[in-house]
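Shown next, in structure tokens, is the structure this report addresses.
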Amino acid sequence: MEELQNQNKQLENEIRIEKMKSNDSELDRRQSVTTLHNRMFQKLLDAKDTSEEKISMLQARVRELETALMSDERIEGLDQPSSVRSDEHISDNYAQQIRELKQTIKLLELENSTLKQAKHQNIVEIASPPFLLTYFCLSTTNETPFFFFIK
């Protein structure tokens, strides 16, 4: 009888030890998942901040070019006919740069809004060439992941 009680205590101790090991491994797994989630979220926030910085820099550049274009247009009326052509060329260049920068700003704003949406969805951006945004969407079911492109 005493031998059975000893065996029973020994088995209970082994079960307790096994439960503790199981709980420790579960805590480690949860901590690992939490750490991974925090890192991914931080990368998303960093990308959003970078995008906002680019937008503000480009908007400042657009204002600078518009100011230069306006001053060139004011001076253009005072210039001699021979230099009017070169000023028109400069104005055209400024106008083209402004259009390109505005287009870049729109694309960055689109990317920024997509990053904001990605906080609430499972969307991961894949490196893409300028002016072409490619996204890889992760499925929460066993469906095949899919891509969509924005030009």
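To convert a position in the sequence shown, counted from 1, into our numbering, add 81. Glycine residues also receive a C-beta, built at the ideal position from the N, C-alpha and C atoms. All of these numbers come straight from a predicted model, not from anything done at the bench.
Using a threshold of 8 Å, state whether the C-beta atoms of Ser132 and Leu196 are closer than that.
Yes, they are a contact pair.
Residues in the same chain with beta-carbon distance under 7 Å from Glu190, minus the five sequence neighbours each way, listed in chain order, please.
Residues Ile136 of the same chain have their beta carbon placed closer than 7 Å to that of Glu190, with the five preceding and five following residues left out of the count.
Measuring CB atoms only, is the stretch 137-150 touching the stretch 168-176, in the sense that at least three cross pairs come out at less than 8 Å?
Below 8 Å, enough C-beta pairs join the stretch 137-150 and the stretch 168-176 to call them touching: three or more.
What is the rounded straight-line gap between the Cα of Leu139 and the Cα of Asp109?
Leu139 and Asp109: Cα-Cα distance of roughly 45 Å.
State the Cα-Cα distance for the pair Lys183 and Glu134, rounded to the nearest angstrom.
About 15 Å.
Quick check on Met82: does DSSP put it in helix, strand or coil?
Correct three-state label for Met82: coil.
Buried or exposed for Glu84, please, with buried defined as at least 16 other CB atoms from any protein chain shown within 10 angstroms of its CB.
Glu84 counts as exposed, since fewer than 16 other C-beta atoms from the protein chains shown sit within 10 angstroms of its C-beta.
In or out: Glu192 buried (at least 16 other Cβ within 10 Å) or exposed?
The residue is buried, with at least 16 neighbouring Cβ atoms inside 10 Å.
Quick one, are the C-beta atoms of Leu126 and Ala199 less than 8 Å apart?
No.
Can you round the beta-carbon distance between Ile179 and Asp153 to whole angstroms, since I take them to be within the 8 Å contact cut?
About 12 Å; that fails the 8 Å criterion.
Taking the straight line between their C-alpha atoms, what separation do you get for Met121 and Glu107?
Roughly 21 Å separates the two Cα atoms.
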